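Asker: Protein chains in written order, with our numbering: chain A, 1 to 111; chain B, 1 to 112. The C-beta atom is built at its ideal place from N, Cα and C for all residues, glycine as well. Since the model is a prediction, treat every value here as computed from it, not as a measurement.
1. Would you check if the region 50-70 of chain B and the region 27-41 of chain B touch, i.e. whether three or more CB-CB distances between them fall below 8 Å?
2. For residue 31 (chain B), which residues in chain A fall below 7 Å Cβ to Cβ?
3. Skipping 5 residues on each side, what residues in its chain have a beta carbon closer than 8 Å to that of residue 69 (chain B)?
4. Determine, using beta carbons only, whether residue 63 (chain B) comes closer than 9 Å to chain A.
5. State the beta-bridge partners of residue 77 (chain A) as determined by DSSP.
6. What does DSSP give as the partner residues of residue 182 (chain A) in its beta bridges?
7. Based on Cα-Cα distance, which residue from A:76, A:110, A:95 lies nearest to residue 82 (chain A)?
8. Could you tell me the alpha carbon to alpha carbon distance between residue 87 (chain A) and residue 37 (chain B), rounded to whole angstroms?
9. Is there at least one Cβ from chain B nearer than 9 Å to residue 104 (chain A)'s Cβ?
10. When you compare only the Cα positions, how much space is there between residue 66 (chain A) and residue 62 (chain B)?
11. How about residue 88 (chain B) and residue 18 (chain B): do their beta carbons lie closer than 9 Å?
12. Give me the residue from A:108, A:106, A:44, A:95 with the minimum Cα distance to residue 27 (chain A).
13. Between the Cα of residue 78 (chain B) and the Cα atoms of B:3, B:39, B:110, which residue gives the shortest distance?
14. For residue 104 (chain B), which residues in chain A fall below 7 Å Cβ to Cβ?
15. Compute the Euclidean distance between the alpha carbons of residue 55 (chain B) and residue 74 (chain B), then round it to the nearest angstrom.
16. Between residue 39 (chain A) and residue 25 (chain A), is the Cβ-Cβ spacing less than 9 Å?
17. Residue range of the beta strand (DSSP E) that residue 36 (chain B) falls in?
18. Which bits of chain B does residue 57 (chain A) rub up against, with CB to CB less than 9 Å?
19. Taking residue 97 (chain B) as the reference, which of A:103, A:74, A:49 has the closest Cα?
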């Protein structure tokens, strides 16, 4: 059973397009995250939600909009994609004791 | 602002060696510290979680220690194997709030 799943695994698109990445966790966790891993492999937090409410919004362009329809899902919509958005995007969820589990990642390439 | 530093950035060792990876953080107000492993092109696998009140955790050949007051953690890998080759990431969860802050990682290569 996959704990944190993301779709799609790969996403290749043209500049200017709008795309979404979906994330689901079946762990019953209240807290979920989106992280971006850049070309230098550094992981940076983008957003955090707790029980469908936004708690952390780092300095992310407002072209990125997270949406949490329920506690188990945290989707990421990106408008007007730019070359610099190319990265690997990881979804994660967290237990009450603070253990964070990551999804497999979505590799986004903007051409 | 919490900053996490990992040393060394890369490490290459012959199979069988014991090795230590270092992690330091600037703000000691942490909830816990977690070590992850990332294989090329893959996601993150949680290795060890140390709560702020704990000093160390062990899993198989891995041992992680935490000195919260000095802002340091080490990951000790005993009898390294080629299969241990990966990037090892240290991350601290802040005491207040949900933010998990990562170091840049140590790229480990174990040669057979």
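Answerer: Taking the geometry as given:
1. yes
2. From the beta-carbon of residue 31 (chain B), the residues of chain A found nearer than 7 Å are 98.
3. 28
4. For residue 63 (chain B), the answer is no, since every Cβ of chain A falls outside 9 Å of its Cβ.
5. A:20, A:65
6. Because chain A spans 1 through 111 in this model, residue 182 (chain A) falls outside it and cannot be assessed.
7. A:110
8. 19 Å
9. yes
10. When only Cα atoms are considered, residue 66 (chain A) and residue 62 (chain B) end up about 36 Å apart.
11. The answer is no: Cβ separation not under 9 Å.
12. A:95
13. B:110
14. 42
15. Residue 55 (chain B) and residue 74 (chain B): Cα-Cα distance of roughly 11 Å.
16. no
17. Per DSSP, residue 36 (chain B) belongs to the beta strand (DSSP E) from 30-38.
18. Chain B residues near residue 57 (chain A): none, gap ~11 Å exceeds 9 Å.
19. A:49
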